[in-house]
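Numbering (our numbering), first residue to last: 13 to 621.
Presented below is the structure to which this report refers.
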């Protein structure tokens with residue numbers, strides 16, 4: 013198979029059996045790779061009776077046909093399973109070097125089933141794989157486990173994906189970390205890995221991806237890299253990191269969530285911006301495999317109570333989740349909270365939203381000092397956040413155990429479900445749904461719950477258009493034509509998450525087609541791109557239907573459907589009834605009818621009903 017190593021590794025942790033099998037070529041041709049291919053495998057393996065933290069829930073690591081090639085910014089991998097946080101489709105995506113290293117080790121993906129009787133780690137090297145005892149690693153934080161295991165392996169090329177104490181203790185939004193700070197963070201894949209007593213997966217090798225037309229691929233990759241390197245947005249990410257969005261996002265669009273989604277203005281946001289970071293604590297950039305952008309930050313704080321040597325710096329989502337959402341206005345505590353989350357192995361978005369909800373409930377008098385061990389949860393004070401992190405990672409009886417279940421559970425426990433900032437159980441990420449009607453709709457209809465990478469229509473509405481695919485800028489508060497644009501954005505990004513290409517990398521569409529064809533030999537055209545992504549996106553929704561999701565779950569909480577006082581949203585609230593009505597028509601009738609599959613038919617009929 014061109015574009016694929018052609019092998020999947022199956023690991024049964026209950027029996028210790030490890031077998032390589034041929035990659036299913038039909039699955040790959042239909043669902044490409046990444047989360048699409050993982051979903052196709054999982055579709056035959058899970059149902060509504062599958063316990064997310066039980067041995068029968070498979071944990072799938074998957075790459076895509078462009079991963080590990082010279083195509084720009086294709087160094088990613090996905091981890092998928094039934095989510096212990098949401099109970100539905102679970103998907104996490106991470107950059108760094110681990111994804112390419114898995115391909116170099118000889119495999120396109122790994123499917124892990126069962127549960128080991130004791131802690132183990134998996135070592136895959138040049139097509140050979142084995143399980144090794146990890147009892148000495150259990151209980152170590154991510155950074156410590158990484159260093160011990162690297163030394164133990166004696167393999168300079170090995171890349172490690174590992175969990176921290178949060179995953180071991182079943183925190184439902186636990187992450188999987190790799191390459192010193194890159195996180196497969198969302199939907200609790202670290203908890204699934206911990207339930208299997210799998211501490212880490214180490215991969216290395218010298219295989220190369222077989223390409224259908226290596227010469228044509230080199231030309232397309234070079235051209236795409238040149239375009240991406242010179243792109244304006246790439247320059248912003250290079251100079252300011254993803255936190256470059258903090259200033260325009262807050263001042264021009266009201267896109268930065270503040271005080272647990274309840275406030276429209278916060279002057280302290282500037283202190284957390286990419287420019288502030290560059291002027292004060294940035295020491296250098298970091299980049300994932302084959303990336304011409306280098307948006308990663310490495311920072312150091314040389315003095316004061318938050319002094320810290322060089323460490324991975326927080327990105328935009330973290331700066332909001334652990335900063336503006338708590339009204340923190342200093343980089344020091346946010347850097348330390350970020351480092352703490354990575355060490356513990358916790359998704360910073362879900363952690364930040366859950367902790368901010370606790371602050372909100374404390375302000376409302378629902379939570380008291382008796383619940384927090386005497387620690388005040390005061391806006392702008394990081395002490396409470398550090399305390400709550402320690403409580404939840406240990407799942408301490410009482411508030412700690414409750415926080416470890418996530419925002420939805422916290423709201424249900426205290427009778428405040430309408431104030432819980434989640435969709436389908438997944439905490440809302442750091443783009444205000446009142447700033448862009450398209451993002452409100454994308455959050456409501458994303459198959460993994462509130463998500464900004466299953467579709468990013470806000471980027472389209474600020475001018476990052478793709479005319480060839482009908483992704484055209486419109487009124488950011490508008491309804492007319494928005495649903496069709498959102499559906500196309502979701503289909504496009506579904507394909508991105510299958511190839512897998514970083515969403516900050518946006519070469520011209522014709523070059524993306526050239527890369528796919530030169531890698532795989534498929535001979536597709538531009539008109540084939542959205543149907544490929546659509547098939548993937550709808551399969552995820554179809555799997556969710558099997559797991560109990562209905563259109564009634566495509567809702568936003570009342571918390572974010574109230575106008576904000578002040579700020580750049582102008583008191584706008586998305587008209588979800590109109591947006592959803594148009595969306596169901598767009599995806600169920602207009603957009604799918606021409607190339608409808610049985611899966612689409614089932615989705616359409618259910619939505620009609």
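Ideal Cβ positions, reconstructed from N, Cα and C, are used throughout, including at glycine.
Reference residue 150; option with closest CA among 167, 212, 484: Stepping through the chain shown from its first residue, residue 150 is reached at position 138. Residue 150 has its Cα closest to that of 212, out of 167, 212, 484.
Three-state class that DSSP yields for residue 205 in the structure shown: Against the chain shown, residue 205 aligns to sequence position 193. Three-state DSSP puts residue 205 in a helix.
DSSP-derived helix/strand/coil call for residue 358: Counting from one through the chain shown, the residue named residue 358 turns up at place 346. Correct three-state label for residue 358: strand.
Pairwise C-alpha distance: residue 552 and residue 366: Start at 1 with the first residue of the chain shown, and residue 366 comes out as number 354. Start at 1 with the first residue of the chain shown, and residue 552 comes out as number 540. Their backbone Cα atoms lie some 26 Å apart in a straight line.
Start and end residues, alpha helix (DSSP H) containing residue 408: Position 396 of the chain shown, counted from the first residue, corresponds to residue 408. First-last for residue 408: undefined, no H or E at that position.
Exposure of residue 404, with buried meaning 16 or more beta-carbon neighbours within 10 Å: The residue you call residue 404 lines up with position 392 of the chain shown. With 16 or more other Cβ atoms within 10 Å, it is buried.
According to DSSP, residues forming a beta bridge with residue 439: Position 427 of the chain shown, counted from the first residue, corresponds to residue 439. DSSP lists 434 as partners of residue 439.
Nearest-angstrom Cα separation, counted from residue 20 out to residue 120: For the purposes of this step, residue 120 is taken as the residue at position 108 of the chain shown. For the purposes of this step, residue 20 is taken as the residue at position 8 of the chain shown. Whole-angstrom Cα-Cα distance: 6 Å.
Delimiting residues of the beta strand (DSSP E) encompassing residue 391: What you label residue 391 is simply residue 379 of the chain shown in a count that begins at 1. It is not in any beta strand (DSSP E) - residue 391 carries neither H nor E in the DSSP assignment.
Euclidean distance between Cα positions of residue 324 and residue 310: Working through the chain shown from its first residue, we reach residue 324 at position 312. Working through the chain shown from its first residue, we reach residue 310 at position 298. Cα-Cα distance, rounded: 5 Å.
C-alpha gap between residue 603 and residue 339, whole angstroms: Translated into the one-based positions of the chain shown, residue 603 becomes position 591. Translated into the one-based positions of the chain shown, residue 339 becomes position 327. Its pLDDT being 42, under 50, residue 603 is placed unreliably by the model, and the measurement read from it follows with that caveat. Distance between the alpha carbons of residue 603 and residue 339 is about 42 Å.
Exposed unless 16 or more other CB atoms sit within 10 angstroms - verdict on residue 117: Counting from 1 along the chain shown, the entry for residue 117 is found at position 105. By the 10 Å Cβ count, residue 117 comes out buried.
Buried versus exposed, by CB contacts within 10 Å (16 or more), residue 516: Working through the chain shown from its first residue, we reach residue 516 at position 504. Per the 10 Å Cβ criterion, buried.
Nearest-angstrom beta carbon gap, residue 87 and residue 64 [assumed within contact, 8 Å]: Your numbering for residue 64 matches position 52 in the chain shown. Your numbering for residue 87 matches position 75 in the chain shown. So it is not a contact: roughly 28 Å between Cβ atoms.
C-alpha gap between residue 514 and residue 74, whole angstroms: Your numbering for residue 514 matches position 502 in the chain shown. Your numbering for residue 74 matches position 62 in the chain shown. Their Cα atoms are separated by approximately 15 Å.
Unbroken alpha helix (DSSP H) run spanning residue 506, endpoints: As a first step, residue 506 is located in the chain shown; it is residue number 494 there, counting from the start. Where residue 506 is concerned, the enclosing alpha helix (DSSP H) stretches over 494–511.
Nearest-angstrom Cα separation, counted from residue 171 out to residue 379: Working through the chain shown from its first residue, we reach residue 379 at position 367. Working through the chain shown from its first residue, we reach residue 171 at position 159. Going by the C-alpha atoms only, they are around 43 Å apart.
Counted within 10 angstroms of its Cβ, other Cβ atoms place residue 418 as buried (16 or more) or exposed: Here residue 418 is taken as the residue at index 406 of the chain shown, counted from 1. Classification of residue 418: buried, given that the 10 Å Cβ count is 16 or more.
Backbone secondary structure at residue 556 - three-state DSSP: One-based indexing of the chain shown puts residue 556 at position 544. Residue state, collapsed to three classes: helix.
Cβ-Cβ distance between residue 502 and residue 549 below 8 Å: If you number the chain shown from 1, residue 502 lands on position 490. If you number the chain shown from 1, residue 549 lands on position 537. Yes.
Residue 28, buried or exposed, once every other Cβ within 10 Å from all chains shown has been counted against 16: Here residue 28 refers to the residue found at position 16 when the chain shown is read from its first residue. Classification of residue 28: exposed, given that the 10 Å Cβ count is below 16.
Alpha carbon of residue 59 to alpha carbon of residue 102, nearest angstrom: For the purposes of this step, residue 59 is identified with residue 47 of the chain shown, where counting begins at 1. For the purposes of this step, residue 102 is identified with residue 90 of the chain shown, where counting begins at 1. Looking at the two C-alpha atoms, the distance is approximately 13 Å.
Member of 467, 526, 425 whose CA lies at the smallest distance from the CA of residue 232: Along the chain shown, read from residue 1 onward, the residue named residue 232 stands at position 220. Nearest C-alpha to residue 232: 526.
Beta-bridge partners of residue 527, as assigned by DSSP: Locating residue 527 in the chain shown gives position 515, where the first residue counts as 1. The partner list for residue 527 (beta bridge, DSSP) is empty, contrary to what the question assumes.
Contact under 8 Å by Cβ, residue 387 with residue 396: For the purposes of this step, residue 387 is taken as the residue at position 375 of the chain shown. For the purposes of this step, residue 396 is taken as the residue at position 384 of the chain shown. Cβ atoms of residue 387 and residue 396: closer than 8 Å.
Per DSSP, cross-strand counterpart(s) of residue 101: The count along the chain shown starts at 1 and reaches residue 101 at position 89. The partner list for residue 101 (beta bridge, DSSP) reads 94.
Selected residue, minimal CA-CA separation from residue 57, among 92, 259, 33, 84: Here residue 57 is taken as the residue at index 45 of the chain shown, counted from 1. For residue 57, the closest alpha carbon among the candidates 92, 259, 33, 84 is that of 92.
Cβ pair count under 8 Å reaching 3, the region 341–349 against the region 141–160: no
Ranges of the alpha helix (DSSP H) found wholly within the region 301–333, counting only runs of at least 4: 328–333
Rounded straight-line distance, which links the Cα of residue 217 to that of residue 13: Position 1 of the chain shown holds residue 13. Position 205 of the chain shown holds residue 217. Each residue's alpha carbon lies about 19 Å from the other.
For residue 515, the residue or residues it bridges with in DSSP: In the chain shown, residue 515 corresponds to position 503, counting from 1. Residue 515 pairs with nothing; no bridge assigned.
Simplified DSSP state of residue 195, which is helix, strand or coil: Reading the chain shown from its first residue, position 183 is the one you call residue 195. Residue state, collapsed to three classes: strand.
Residue 296 - partner residues in DSSP beta bridges: The residue labelled residue 296 in the question sits at position 284 within the chain shown. Answer by DSSP bridge pairing, in chain order: 310.
Distance between residue 547 and residue 71 (C-alpha atoms, nearest Å): For the purposes of this step, residue 71 is taken as residue 59 along the chain shown, with counting starting at 1. For the purposes of this step, residue 547 is taken as residue 535 along the chain shown, with counting starting at 1. Cα to Cα, residue 71 sits roughly 22 Å from residue 547.
Supposed contact pair residue 446 and residue 572 - C-beta distance, whole angstroms, cut 8 Å: In the chain shown, the residue the question calls residue 572 occupies position 560. In the chain shown, the residue the question calls residue 446 occupies position 434. Indeed, because the Cβ distance is near 6 Å, the residues count as touching under 8 Å.
Reduced DSSP category for residue 135 - H, G, I as helix; E, B as strand; rest coil: Residue numbering aside, residue 135 sits at position 123 when the chain shown is read from its first letter. Strand at residue 135.
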